[in-house]
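> Be aware that the sequence shown starts at 19, since it is given in our numbering, and climbs by one per residue.
We treat Cβ as the ideally placed atom computed from N, Cα and C, and that holds for glycine.
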Amino acid sequence: MASMIVISTTAVPDHVRGALSRWLIEPAPGLYVGTVSARVRDQLWSAVSQCIVDGAAVCLHPDDNEQGFTIRTAGERRRDVTDFDGLQLIRFLPELPPQP
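This is the structure in structure tokens:
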């Protein structure tokens, strides 16, 4: 059964953006939305997460849990998804001091 997904990307290679735009629409730069099967969703996320170098990506999709969705992340970000008694919550990591 197809379900809606949302993928947000930052600083990803052009070929990743092209792969995402084949299946999803891009209503804003780096934001992809669409309705795909779980198999396509997992293959898209695999392609995105393997190509993250300096960028970051987040995928939200419906799931059978208390919140009704799951969050997946790839790349270095200040926001970290943390499991708290089965709920996915966001925690902020401390800022790193500037490099000299």
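On the three-state DSSP scale, how would you describe G48?
Against the sequence shown, residue 48 aligns to sequence position 30. It is coil, neither helix nor strand.
> Please state the DSSP three-state secondary structure of Q61.
As a working note, residue 61 is residue 43 in the sequence shown. Looking at Q61 - three-state DSSP - the assignment turns out to be helix.
> Mind reading off the beta-carbon distance from S67 to A74? Whole number of angstroms is fine, and I expect it under 8 Å.
In the sequence shown, residue 67 corresponds to position 49, counting from 1. In the sequence shown, residue 74 corresponds to position 56, counting from 1. About 10 Å; that fails the 8 Å criterion.
> By alpha-carbon positions, which one of P116, M19, V71 and F102 ends up nearest to E94?
Counting from one through the sequence shown, the residue named residue 94 turns up at place 76. Nearest C-alpha to E94: V71.
> Sorted by chain position, which residues of the same chain lie with C-beta nearer than 8 Å to D81's C-beta, five sequence neighbours on each side aside?
Numbered from 1 along the sequence shown, position 63 holds the residue referred to as residue 81. So the list reads F87 and T88, once near-sequence residues are dropped.
> Which of helix, strand or coil does DSSP assign to G36?
Numbered from 1 along the sequence shown, position 18 holds the residue referred to as residue 36. Note: G36 maps to helix in three-state DSSP.
> Once you ignore the five residues that flank D98 on each side, which residues in its own chain have a CB closer than 6 Å to its CB?
For this step, residue 98 is matched to residue 80 along the sequence shown. Contacts found: R109 and L111.
> Take Q61 as the anchor and find which of V34, G104 and T100 has the nearest alpha-carbon.
Taking the sequence shown and counting its residues from 1, the one referred to as residue 61 is at position 43. Ranking V34, G104 and T100 by Cα distance to Q61 puts V34 first.
> Measure from the alpha carbon of V30 to the alpha carbon of each residue in Q106, M19 and Y50, then state which is nearest.
Within the sequence shown, the letter at position 12 stands for residue 30. Comparing Cα positions, the closest option is Y50.
> According to DSSP, simplified to helix, strand and coil, what is A56?
Translated into positions along the sequence shown, residue 56 becomes position 38. A56: helix per DSSP, three-state reduction.
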